[in-house]
Amino acid sequence: MQWIRAWWTRWLGFVVCLAMSSVGLLLAQTDTDNTRIISVYITDGTQLNVQVAVPAGMTVESVTVALPDDTLTLRQRDISFVEERWILLDGGRDMLNAESEIRDELGALLSDDDFARRTGLIIFQDDSEPQIVAPSDDSEIVRDAIATYQASASRVGCVREAVSAFNRYQENTLDVSAVRRVLLITGSTSCDDDLPTVTVPVDILVLGSANGQLIGIAEQGNTVIRTSNLPTFDGALAEVLSRWQTDILLYETTLSGDIASATVTLSLTDGQTLSRTVPVTGVFDEPSTPTPVPSPTETQTLMPTTTIEATEDVTSAEATDEVALVVPEDSENEASESATEPLMDQDDILNVVVILLFSTVTIGSALFAQRMRQRKMAKVLESFDTRMESTQQIALAYLRDTDKTNVYAVFIPATILGRGGKSTLIIKDDKLSREHVRFTETEQHGLLMTRLSQAEVLVNGDPVERAQQLFVGDIITLSPNTSLLVERIDDDV
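With my numbering as the guide, the letters of the sequence shown map in order to residues 6 to 498.
Set out below in structure tokens:
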């Protein structure tokens, strides 16, 4: 009976531990809004620094780092920070219709003195090195770069290039007082099969539908990913940037060995926790410790003392080689008794069984959580693919502004051109209707234009009654201020 009672006591303890672990896991998954681990890096060879962002007024109870054989509790440092804002801007073909809107919105953003201070810019394409404007207090440098920003119909913007360029900057300019907030604006063309690991959170604004690679970037850090179209771009931008209204805290500890990544747990006073595995930037420099050389006295103390009796026929040198091993009389009995004792008693066996059961349940729970996460990811991808029906990624035709030499893309199945409303191709012209014309694909993969406005629309100088098929070289006159040349039609899409 005593054995059964002890067994049930251990089993009950196992169930309680499992329940507590489950509660801890659930708490770790309920991240507080706008609370995030910004970066983890090594300075001065052995100092591990962790930057965290928390909403104003939020109090942090503790910050810990889990290592393979230890858990480190970090101490908070009192330090003044310099914030850097980074804008990673796609210059690929999916951004053609967004050029004007992006220039206006980012220009307005840089007119805010608080935001304009120390703002960097990376404009990335796939066929050239990204254009990088390092953070500077002179906002005019970034303004000029954005004013000349122009997407290209021949390029496929690659997020990989932008993230790699930022990571290189981050690694080469480690600064404990620098806080880097990163905004990625992209059209989400998928050419990023092998994305690098991000070293800081990257907040993502997608003009279109988000692919799996972008969702993977957002999941690497506690970041936000937001899809939008042109009419809602300004609101989506404001929503993403609202995540940056947080206080920054710095915690540090001393490392005893090198680590490539760190599992950081942030505990808040309201009971919530944030736990995330973050890549570690910087190089660990293990302090050199000279190997102590034992003195003769120490050597004599460490060696066992043995009495050697040399006979008359044995020289002193031979006596030195023949060292007798003195075995106590009780040692044989102790050895025989230990040989008959079992290696494990019942308590040890129960402990092993409990450990094995706990490990099995833990591994099973982790596999189940991974399976559920994969299913959730599939649903998220499906949701993103169906949300933005108005901004498809396949271009049917390209139109060139005859006055300003801007190129606009016409996407299938339909693209509405106008100055606002539900238009997906927005041209800022007061003479245009909010929804002026609609472009669709014909059965023979041609381009058909349908007039949606009462205003006159001309093709090669002739008025369009209702709808008209377009060909390469046609000139569309939408208003006295806007005329477009049909530059290219892809009849094999």
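No residue lacks a Cβ here, since even glycine has one placed at the ideal position from N, Cα and C.
Under the three-state reduction of DSSP, Leu430 is assigned to strand.
Of the other Cβ atoms in all chains shown, fewer than 16 fall within 10 Å of the Cβ of His450; this residue is therefore exposed. Here DSSP, grouped into helix, strand and coil, assigns Leu372 to helix. Residue state for Gly162 is assigned as coil, using DSSP reduced to three classes. Under the three-state reduction of DSSP output, Pro236 falls in the helix class.
Contact annotation, Ile42 with Arg248: C-beta distance approximately 14 Å; criterion of less than 8 Å not satisfied. Distance from the Cα of Ser67 is smallest, within the candidate group Thr78, Ala58 and Ala183, for Thr78. By the criterion of a C-beta distance shorter than 7 Å, Gln56 is surrounded in its chain by Ile43, Ser44, Val184, Ile253 and Leu255, once the five residues flanking it on both sides are discounted. A straight-line Cα-Cα distance of about 44 Å links Gly192 and Ser364. Under DSSP, Ala71 shares a beta bridge with Thr76 and Thr268. Inter-residue distance for Ser85 and Glu492 is about 54 Å (C-alpha atoms, whole angstroms). Per the C-alpha coordinates, the member of Glu88, Asn172, Gly217 and Asp263 positioned closest to Leu53 is Asp263. The Cβ neighbour count for Ala223, taken over all protein chains shown within 10 Å, is at least 16; the residue is labelled buried. The alpha-carbon of Ile137 is positioned some 29 Å away from that of Thr40. Straight-line measurement puts the Cα of Thr69 at about 58 Å from the Cα of Asp435.
In this structure, the beta-carbon distance from Glu176 to Arg123 does not fall below 7 Å. Note that the C-beta distance between Trp91 and Val187 is below 7 Å. In the structure shown, Gly217 falls within a helical segment according to DSSP collapsed to helix, strand and coil.
Remark: three or more beta-carbon pairs, one from each stretch, lie closer than 8 Å, so the region 475-482 and the region 457-465 are flagged as touching.
Assigned with DSSP and collapsed to three states, Ser261 falls in coil, not helix or strand.
Following the DSSP letters along the chain, one finds Ala150 inside the alpha helix (DSSP H) bounded by residues Ser144 to Ala152.
Going by DSSP, Glu106 is part of the alpha helix (DSSP H) stretching over Glu104 to Leu115. For the set Val288, Lys433, Phe416 and Leu242, the Cα lying nearest the Cα of Arg424 is the one of Lys433. In the displayed model, Ile47 falls within a strand according to three-state DSSP. Taking each of Thr410, Val65, Asp132 and Glu145 in turn and checking the Cα distance to Arg82, the smallest one comes out for Val65.
In this structure Phe120 touches Leu114 by the C-beta definition: roughly 6 Å separates them, less than 8 Å.
With fewer than 16 other CB atoms across the displayed protein chains lying within 10 angstroms of its CB, Ser116 is exposed. Ile421 is positioned such that its CB atom lies closer than 7 Å to that of Glu440.
The alpha-carbon separation between Glu104 and Ala156 amounts to approximately 7 Å.
Distance from the Cα of Leu457 is smallest, within the candidate group Gln473, Ser141, Asn465 and Asp199, for Gln473. Under the three-state reduction of DSSP output, Ser157 falls in the coil class, being neither helix nor strand. Going by beta carbons, Leu452 and Ile417 fall outside the 7 Å limit. In the three-state reduction of the DSSP assignment, Gln130 falls in the coil class, being assigned neither a helical nor a strand state. Among the bridge pairs identified by DSSP, Glu291 is matched with none. Counting every other CB atom within 10 Å of its CB across the protein chains shown gives Pro468 a total below 16, marking it as exposed. Taken atom to atom, the span from the alpha-carbon of Leu111 to that of Gly276 is near 38 Å.
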